[in-house]
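Those sequence lines, one after another, are chains A and B.
First residue of the first sequence? That's -3 in the numbering used here, and the numbers climb one at a time after it.
First residue of the second sequence? That's 854 in the numbering used here, and the numbers climb one at a time after it.
We treat Cβ as the ideally placed atom computed from N, Cα and C, and that holds for glycine.
First the structure, in the form of structure tokens, and then the observations on it.
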Amino acid sequence: MTTSEYYNSKLSKIGNELKLISQELYLTFLNNKNDLRKYFDEKTLVDWALIGLNISKGSEKNLKTGKKFFQVSSLINEKIPLSTFKIWMLMVEKISLESTALGYSYLISSPSVLKFLRPRYLQEWGEISKSIFSGSWKSNSLASKFLELSPLLLEIISFDDLKKISEYCKNLSVKSCDLASHNLDWFSENLPILGKESGDFIILLKKMTTSDWREINMFFELLDLNIQKNKVENIKYLNQLLLNFYLEKEKKSNKNKTENADIKITDFAKTFLKNTEKLRDLDLSRIFNFNLNLIKFSSQSAYNFNNSVDSLLEKLTDTQLLEWFNTGIEILKKDLTLGELFFLIETEQSQLLIDTLSFSVDIEREKELFKIYCAALSGKDLEIQSSEKLVEKEIGWLDSNLATTEGTTIFLPQTVKRFSTKKENFAWYKVIATHQTGHVEFGSFEFNFERKSSLFFDLRFQLLNLKSEENIDDTLKDTNKDSKSYLTDISKFLNIFDDSKLALDIFTLLEASRIDRKVLNVYRGIRDDYLDVQKSALINRPKIEELPTREALVEILIRYSINPNLKVNIPSKYKDIIRTLFVLVDKMNSLKAIVEDTAEATIRIYKILSEIDNTLEDNMEFEELDLNENFQDETENQENEDDLKNILDYFQSLVKEFKSSNKNNDSDESENVLEESKYQSPQEVEYRGDFKPELSQLLYDFQLSDGISDGNFEDLNLDENELEEMIKNFPDIQDSEGDQSEKADGNVAKNIADLLDTLDGQDSNSGGMFSDSFGHVDENGKSLVPTGKDQYVYDEWDFRAKEYKKNWCLVNEKKMSEGESDFYDETLLNYSGLMKEIRKQFEMIVPENYRKIKRLEDGEEQDLDLVVEAMTDLRAGITPSEKLFWRRNKIERDIAVAFLLDMSASTAEAIEDTKYSRDDWGAPDDPEKYMEWLRKRRSQGLRRGYKRIVDLEKEGMILLIEALETLGDFYGIYGFSGYGRENVEFFVMKEIEEKFSPEIARRIDRVSPLHATRMGPAIRHTIKKLEKVEAKSRFLFLISDGRPQDRGYSREGVEKEYAVNDTKKALQEAKSIGVTPFCLTVDKQGHDYMKNMMDDMSYEVLDNIALLPSRLPELYKALTMT
Amino acid sequence: MSSDKTNYKNIRIEEFKISEKPFYIPVADEIDIFHSAYKQKIPVLLKGPTGTGKTRFVEYMAWHISNIASTNHKKKSDVQKEVPLITVACHEDLTASDLVGRYLIDPEGTRWVDGPLTRAVKVGGICYLDEVVEARKDTTVIIHPLTDHRRLLTVDKLGELIEASEGFLMVVSYNPGYQNALKDLKQSTRQRFIAIEFDFPPFEVEKEIIKTESGVNDSIASSLATIGEKIRNLTDYGLTEAASPRVLIYAGRLIKDGIPARRACQVAISWGITDDKKLHKSIEEVISAIFPN
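Here's what the structure looks like:
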């Protein structure tokens, strides 16, 4: 048989077998065989047929695969050389035999893969795909998917990257096949977007699988979100960052550096994506580089930085940001934790730097400064708030960009960014703050209807009578209204006028003008800035020529009041009137002018203006009024009786008119309306803010008078609806309600009434109405009131609001119950060696008190020995010493100290030291004694096999007591714990003045871990105790195991700062009354917050807790010996 | 050698007299009261914040009693010799023997030297113990018999009692504000004195004082007085002691000498009265609001 015959028979044999399996398969085989015969040598052909046969055997699926094999073969053959084909063929067999489905996928994908893949990689491609398959059906379909998607993926990425994907899938499939399969889809869809970054992206994913696979899903969701938003750039940057993130992490783990818990990668991604979402490309690349830099130090710092990015970019320019950043890096190099906080803008330095660098002025940063500034100027305790807070209340103020005040709080715009430098912005801010404070300082809200003005003859009283005549006539039946009541004096005043809106506008402009003059007179230092602001206020005013006459005149007055030297176009026709008006405005320049003068001037100006029709005259002539022309001669300045009579007559006529119009009803009213346009208030002057005298006076009076129940409001006897009704009539509010759509109608009045109502119920001591509600987001609650005998309330410091929350914490003082004295005795026994030493040390302190200091140049008296010596010297002709005096040591030991033990639950923690943890520690050797000892222990229930922090606190305390008794210092021992602000437990083991007794030893026994750690009130209570004690030096010794925390006292994130800050404040209070605080903590993490909490006060963080008992007396000695 | 002129004056403390009229503007009837007390030999306690003119007042009264009072009384016998003013600034190491006197060594043995109080008692002058609470407690033993009807100084080391001469008066000052409760005066001490209270002067008076003392013009004086007034509004904000007229005068003097006003106020007022940086900032804003650059 020739070889060719041999092969032929082989082939036909295979053919037959194939035929047996399926006719169709056989035909496909034949077709392709004939085709391939041209290219293949006989052996290859047989091999090929054999493989086909091999994979076809079995189920239907195999058949399909086999058929596909034959079909695809010629296609493949066209594209690759024979040698490669052979390899491919073997690969098909290998895969198929492992999993038919996989083989099939390999087959169908092969032709298209070859478009992008070099033939030599075919095998490897098969191998990597096969490697994904781990035996389970899920991994099978994953591998299939990989094969089928390969052509698509290869179109975008290199084969190398595909290999990485396969590895990624393989790794991930161990954890979750579904996730991997899902990701494959994602890749085919989205990798094109990433382009060149794909490779790195996959590397990143691979790293994630090893350490953070659970986060992958979330990570992809994040990516999807950003792809939808078309933020591909951000993703690319993120990709790079995260790679570095892992890189650094690996480096660190290689170096075996254990770091604080690393942040989660998705968290990082989330903040980065979120905070960079709005950035322009340029910014983005900068931020990216910053991030890259930071990641090298710590991912936490980069994470923090990203959280700050938003506000940073808002406040700082590029160069400023860079400067800030570099400073941060320097800090990071020195102190990692501090640096991390720096980038979160949590450190003072960081904040300060931003402040100095940034150009905008923000209320949050300047609040404190202006609070003191405004208090200094006005002599009143003023709050500073953002205008937004007022607008939110919906009580009539509408524009959060305008400054305003209601007499107790100065409201300023949140930020000022109108200029490019901080200096200018600040100057503007200061000007408006000064103007508003001026309203308080110069008494805008203290308008008293009855008080005489200083410059005018007072017409108010007569006019009010006229008005009430009108009313009497009007409401003859209603005798009650005989003496009409008013909410405020301003209301009473405005009521004189028919058009109270016009009157209010005049009043407002005159009062603002009065304040301007006063401020400029007293505060010459800000004169230049003030004038600049005034100048800019005149830009963008409405054109006088386009206003109806009355409004035009008001506008002219406003401008004149801002700058009397301004050139304005005035209607020629009214030249004389305008001069008269100006004279009235000028009256406000007088230093004597008070708010009542404003009112009187208002009457006069009102009279003139209301006589002028508010029409738009077509052919009005304008001329420029030269204001420098001196028209204020003395004669004009004096009011003569005629003028006064004129005004009275005018108002009289109004009343008559009113009465007659009431009778003939509306006949001629309608005529008027046609000609005259309704009077509109002028455009506000920004720097003067939003002055609402009537409403403000109402609120102001309310806050001063403790609500409606006394003072002015007593006789009013209003119910809420009446109040609301009256408020509705305020022109202040009508204005704002008019601006709003109808839906808000009535809301404002209601809100005010509600506000007044709450004020009514409030204690007037609890701060301004706008202050307390913006505090710390603790349980909303009111001040607490002590009910029991041993209950005390204390304020708490809210560092965000920078104020005390009045009577916020309730302290329950309890005498500690008595336990056994064994603990006490045992401690003394166990530490007897140490005790001896301590006692010796302390005893050495005592005699010093009475020791004379000799050899002084000056003192109480001469020392006889020394004098004799000196005399001998003199006689012997030697220069005698001049140091002949003695003096008693001036430090007489007179010390009172209060020890405050932390009894929080965390003190239950066992200490690590194994030496002490053995149960039989200290057991006697003698069997008899041992049994006794054991029984005793059992009976005490002291079966704890370890020591707790609190035990060490107690031991230290006991040793100290012994020492203190030798010294004779006064000392008190207290403990604290509690839960929530209404239940701060304060335990008394020993009062300061109490003598030591065995009971005290028994009380100490009962010191045990309880609940939380609200340090502030406990410290304040201790201070109170120390305050009562007379001693030269007083100390507060705090022994704690961690940072202060309690419900509503500390929370995640920034809230933990709250507790620290309150504690700090409490300690400062101690210091301020001459008590020296000292804090000893066994919290190893103590260094970070203690530095802040103790400020310049001394503290110690004890690294080795076991040292506590011996360290405590040492510290005490060091502390009190200075 | 004899041409060597001394450019300092050496005055024995009991001979120190106020010969030139000190500048003092009375706020109320304090001059009359002091005068009356002096006549009646009632010790005087001056209290009030630092820099409100307590020391100046004593100087003024010493001068006033020597000059004005004597001219009022025509009778020769009534004419008082000039009253010396002996001032002792008390500190926490000041003991009774510092006041009374002590033995000193000289070649022949020991020599007794009178302390300032003893000298005042002998010469019949006004003894002014400034910040008396600062002194050690043993001083009260000396002060008590001197300040009641006895008017006796015990010098126990000599075994002597010295009766105070006619013109002797004890005046003490103290500042109730900043000293803590421990350093308060004992009731038994307090009740030996009549008390004159000093506070910051009213605006116009303060302005006058600043003007005269520092020589600045009216407008600067008024600005400085305003600053003082404004800063005194801040006692609730962490200032232990408000800006006294004294610091305002210092600021005025610096300004007079050519230091820019804002800077002068910064160094004399803001930095002087507090170390709190935040307060500095606010105070300086107040200053810059009042003084133009």
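{"query": "Inter-residue Cα distance where the pair is phenylalanine 910(B) and arginine 523(A)", "result": "38 Å"}
{"query": "Proximal chain A residues relative to tyrosine 956(B), where beta-carbon distance stays under 8 Å", "result": "Glu857, Gln858"}
{"query": "Rounded straight-line distance, which links the Cα of proline 1055(B) to that of threonine 971(B)", "result": "38 Å"}
{"query": "Short-range partners of chain A found in the region 1112 to 1142 of chain B, where Cβ spacing is below 9 Å", "result": "Ala1114, Arg1115, Lys1131, Leu1132, Lys1134, Ser1135, Ile1136, Glu1138, Val1139, Ile1140, Ser1141, Ala1142"}
{"query": "Test: asparagine 1086(B) CB closer than 8 Å to a CB of chain A", "result": "yes"}
{"query": "Any chain B beta carbon closer than 8 Å to lysine 426(A)", "result": "yes"}
{"query": "Distance CB(tyrosine 1095(A))-CB(threonine 1077(A)) smaller than 8 Å", "result": "yes"}
{"query": "For cysteine 173(A), the first and last residue of its enclosing alpha helix (DSSP H)", "result": "173 to 190"}
{"query": "Aspartate 377(A) at chain B interface by Cβ criterion, 8 Å", "result": "yes"}
{"query": "Range of the contiguous alpha helix (DSSP H) that encloses threonine 903(A)", "result": "Segment: none, threonine 903(A) is in no alpha helix (DSSP H) and carries neither H nor E."}
{"query": "Which of helix, strand or coil DSSP assigns to isoleucine 958(B)", "result": "strand"}
{"query": "Local Cβ density within 10 Å of proline 937(B), reported as buried at 16 or more and exposed below that", "result": "buried"}
{"query": "Minimum Cβ-Cβ distance from phenylalanine 1056(B) to chain A less than 8 Å", "result": "no"}
{"query": "Threonine 962(A) beta carbon less than 8 Å from that of serine 1029(A)", "result": "no"}
{"query": "Secondary structure of glycine 829(A), DSSP reduced to three states", "result": "helix"}
{"query": "CB-CB length for glutamate 814(A) against glutamate 995(A), believed under 8 Å", "result": "6 Å"}
{"query": "Contact under 8 Å by Cβ, serine 1141(B) with glycine 521(A)", "result": "yes"}
{"query": "Cutoff 8 Å: arginine 523(A) Cβ touching any chain B Cβ", "result": "yes"}
{"query": "Given 8 Å, three or more beta-carbon pairs between the region 1096 to 1116 of chain B and the region 1067 to 1087 of chain B", "result": "yes"}
{"query": "Chain-ordered chain A contacts of lysine 1083(B) [CB-CB under 7 Å]", "result": "Ala372, Leu373"}
{"query": "Rounded C-alpha distance that separates lysine 1021(A) from glutamate 326(A)", "result": "46 Å"}
{"query": "Methionine 812(A), enclosing alpha helix (DSSP H) - first and last residue", "result": "No alpha helix (DSSP H) contains methionine 812(A), which DSSP labels as neither H nor E."}
{"query": "Cα-Cα separation between tyrosine 975(A) and glutamate 1023(A), rounded to whole angstroms", "result": "26 Å"}
{"query": "Assigned secondary structure, serine 1094(A) (DSSP; H/G/I helix, E/B strand, else coil)", "result": "strand"}
{"query": "Contact the region 444 to 456 of chain A vs the region 337 to 344 of chain A: 3+ CB pairs below 8 Å", "result": "no"}
{"query": "C-alpha distance - leucine 899(B) paired with threonine 404(A), whole-angstrom precision", "result": "37 Å"}
{"query": "Alpha helix (DSSP H) segments (min. 4 residues) lying fully within the region 868 to 927 of chain B", "result": "883 to 893, 907 to 925"}
{"query": "Residues of its chain near serine 125(A), where Cβ-Cβ distance is below 6 Å and the 5 sequence neighbours each way are ignored", "result": "Ala139, Phe142, Leu143"}
{"query": "Cross-strand partners of tryptophan 882(A) (DSSP beta bridge)", "result": "Glu857(A)"}
{"query": "Closest residue to lysine 270(A) among Asn240(A), Gln458(A), Leu234(A) (Cα-Cα distance)", "result": "Leu234(A)"}
{"query": "Given 8 Å, three or more beta-carbon pairs between the region 349 to 362 of chain A and the region 315 to 322 of chain A", "result": "yes"}
{"query": "Three-pair Cβ contact test at 8 Å for the region 159 to 176 of chain A versus the region 201 to 211 of chain A", "result": "yes"}
{"query": "Beta-carbon contacts of valine 994(B) that lie in its chain and below 7 Å, excluding the five residues immediately before and after", "result": "Ala949"}
{"query": "Span separating the alpha-carbon of lysine 232(A) from that of leucine 280(A)", "result": "11 Å"}
{"query": "Selection from Ser568(A), Asp31(A), Ser127(A), Ile604(A) that minimises the alpha carbon distance to valine 1121(A)", "result": "Limits of chain A in this structure are -3 at one end and 1118 at the other, which puts residue 1121(A) out of reach."}
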